[in-house]
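Enquirer: Questions regarding the structure given below will be posed in turn.
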DNA sequence: TCTGGGGTCCTAGGACCC
DNA sequence: TCTGGGGTCCTAGGACCC
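Residue numbers (our numbering): 638 to 1034.
Now the structure itself:
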């Protein structure tokens, strides 16, 4: 193993145009045409292949604009179960390299291969072997960034795209980072980039050579310090198999929610509340499967002009009961006192989740012994046996 | 037919408590 | 009593990520 790569044990593996690659891999007819994954009414682009990107199509772009930019593109609806399957197989490939895998999303992960060197070779050899395994088994390509820290590895993988590997040795970190636009840094989005540009800070090098106090005044204590450190390649964040977010085996979720954009805007309270009930049922069903309950219920309302508000209320005790979440969300909605406001989207979220086993409910005087909670569990059993369509709250029928 | 859905984290003000 | 101050909870909003 060369001394250089032994000092760069962090891999960031990122599938290339993941959704688009998966949707087209078994479709010879889609190999040489621009492809956009997304669609649906009022939707956005989830992913686009490299031919479509050449026309300026990017993820999160409204579909209407994407079609205008690339009218010849084939639009394909996403197939999430297949994405999950492919993603699980790839994660298994990762775990054969090291147990230190931090899954960021369906198509991205950090690997710490510090302990794998003797067995599997240096980090670059490991990266290349993973790439060919994934290509052979899944028929899709990925790119890998190799560096001493997660933030630099993440930037390196972007440079490696598509279908490549980029290594940033420790002595090349600042020469790699400093020419990049500040917007490339992980955690700098549109707003922060614009703010930094207004201050005349265009490149990562500009940020590196700005006093921390100045950055903190503009961006707040935390972000200011954080960006200054990132600009010098200082990143104490470690690859943690615990931080796996939505996927199994990691830290539990802190909140669960669901939201839905209406096919067309509505000002009808009945229509909105029927959707709120549907969302409350969806969320609490997931909570009961996960064995969690939460005290805070948050309602999101987005109006026709895209302004978005949230209102939340913390209940005395944690709940996973559909009717209780629905009741709180309804109170929050009615407290808005809306008069004919055009509503585009509603969302329901339950926060402050704790294991259900840690919740001991006070018996409220007059509360039926077998109340809504038992009703929910009966619904869950029926859904488990007969499928989602079998049981719905009465007002959804 | 402009702008999805699932999350996390940070900030800031006010209440409240010691 | 020339009004301090810290810690925690709650709420609302905003930025960001994939």
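Heads up, the beta-carbon is just placed ideally off N, CA and C, and yes, glycines get one too.
In terms of residues, what are the limits of the beta strand (DSSP E) holding residue 902?
Expert: From DSSP, the beta strand (DSSP E) with residue 902 extends over 892-903.
Enquirer: Using C-beta distances below 6 angstroms, list every residue in its chain close to residue 766, excluding the 5 sequence neighbours before and after it, in chain order.
Expert: Excluding sequence neighbours, residue 766 sits near nothing in its chain.
Enquirer: Smallest Cα separation from residue 875: which of 711, 784 and 858?
Expert: Checked all of 711, 784 and 858; the closest Cα to residue 875 is 784.
Enquirer: To the nearest angstrom, how far is it from the Cα of residue 884 to the Cα of residue 745?
Expert: With a pLDDT of 41 at residue 884, under the threshold of 50, the predicted position of this residue should be treated as unreliable, though the coordinate-derived value follows. Their Cα atoms are separated by approximately 12 angstroms.
Enquirer: Please return the same chain residues whose Cβ sits closer than 6 angstroms to the Cβ of residue 919, not counting the five positions on each side in sequence.
Expert: Same-chain partners within the cutoff: 895.
Enquirer: Classify residue 815 as helix, strand or coil using the three-state DSSP reduction.
Expert: Correct three-state label for residue 815: coil.
Enquirer: Using C-beta distances below 6 angstroms, list every residue in its chain close to residue 650, excluding the 5 sequence neighbours before and after it, in chain order.
Expert: If we look at residue 650 and ignore the five residues flanking it on each side, its Cβ neighbours are 746, 779 and 781.
Enquirer: Rounding to the nearest angstrom, what Cα-Cα distance links residue 908 and residue 899 in this structure?
Expert: Cα to Cα, residue 908 sits roughly 10 angstroms from residue 899.
Enquirer: When DSSP labels each residue in this structure, what does residue 720 get in the three-state scheme?
Expert: In this structure, residue 720 counts as helix in the three-state DSSP scheme.
Enquirer: So within the region 641-696, which uninterrupted alpha helix (DSSP H) runs reach at least 4 residues, ignoring any that extend past its ends?
Expert: The region 641-696 contains these whole alpha helix (DSSP H) runs: 655-661 and 687-690.
Enquirer: In whole angstroms, give me the CA-to-CA distance for residue 872 and residue 859.
Expert: Using only the alpha carbons, I get a separation of about 14 angstroms.
Enquirer: Would you decide whether residue 861 is buried or exposed? Buried here means 16 or more other CB atoms lie within 10 Å of its CB.
Expert: Buried, by the Cβ-count rule.
Enquirer: Label residue 891 either buried or exposed according to how many other C-beta atoms from any shown protein chain fall within 10 Å of its C-beta, with 16 as the threshold for buried.
Expert: Residue 891 comes out exposed.
Enquirer: When the Cα atoms are used, what is the spatial distance from residue 772 to residue 833?
Expert: Whole-angstrom Cα-Cα distance: 40 angstroms.
Enquirer: Please name the residue in 647, 719 and 654 whose C-alpha comes closest to that of residue 751.
Expert: When only C-alpha atoms are compared, the closest one is 647.
Enquirer: In whole angstroms, what separates the C-alpha of residue 811 from that of residue 819?
Expert: Going by the C-alpha atoms only, they are around 13 angstroms apart.
Enquirer: Taking residue 782 as part of the beta strand (DSSP E), name the residues at either end of that continuous run.
Expert: From DSSP, the beta strand (DSSP E) with residue 782 extends over 779-784.
Enquirer: Tell me whether the region 672-684 and the region 783-798 touch, counting them as touching only if at least three CB pairs, one residue from each stretch, are closer than 8 angstroms.
Expert: Taking 8 angstroms as the limit for Cβ pairs, the verdict is that the region 783-798 does not touch the region 672-684.
Enquirer: Distance check for residue 696 and residue 658, CA to CA, integer angstroms please.
Expert: Rounded to whole angstroms, residue 658 to residue 696 spans 14 angstroms at the Cα level.
Enquirer: Should residue 673 and residue 703 be called a contact, given that it needs their Cβ atoms to be closer than 8 angstroms?
Expert: Against a cut-off of 8 angstroms, the Cβ pair of residue 703 and residue 673 comes out as a contact.
Enquirer: Roughly how many angstroms separate the alpha carbons of residue 794 and residue 801, rounded to a whole number?
Expert: When rounded, the distance between both Cα atoms is 8 angstroms.
Enquirer: Quick check on the burial criterion: 16 or more other C-beta atoms within 10 angstroms. Buried or exposed for residue 828?
Expert: Residue 828 is exposed by the Cβ-count criterion.
Enquirer: Going by DSSP, what residues sit across from residue 748 in a beta bridge?
Expert: Beta-bridge pairing links residue 748 to 648 and 738.
Enquirer: Quick check on residue 799: does DSSP put it in helix, strand or coil?
Expert: Residue 799: coil per DSSP, three-state reduction.
Enquirer: In whole angstroms, what is the alpha-carbon distance linking residue 671 and residue 687?
Expert: Cα to Cα, residue 671 sits roughly 7 angstroms from residue 687.
Enquirer: What residue from 716, 663 and 675 has the CA that sits closest to residue 775's CA?
Expert: That would be 663, whose Cα lies nearest to the Cα of residue 775.
Enquirer: What's the C-alpha gap between residue 982 and residue 722?
Expert: Whole-angstrom Cα-Cα distance: 30 angstroms.
Enquirer: Rounded C-beta distance between residue 840 and residue 856? I'm assuming under 8 angstroms.
Expert: With a Cβ gap of about 16 angstroms, residue 840 and residue 856 do not count as contacting.
Enquirer: Please report the distance separating the alpha-carbon of residue 694 from that of residue 806.
Expert: Rounded to whole angstroms, residue 694 to residue 806 spans 33 angstroms at the Cα level.
Enquirer: Buried or exposed: which applies to residue 717, given that a residue is buried once 16 or more other Cβ atoms fall within 10 Å of its Cβ?
Expert: Burial call: exposed.
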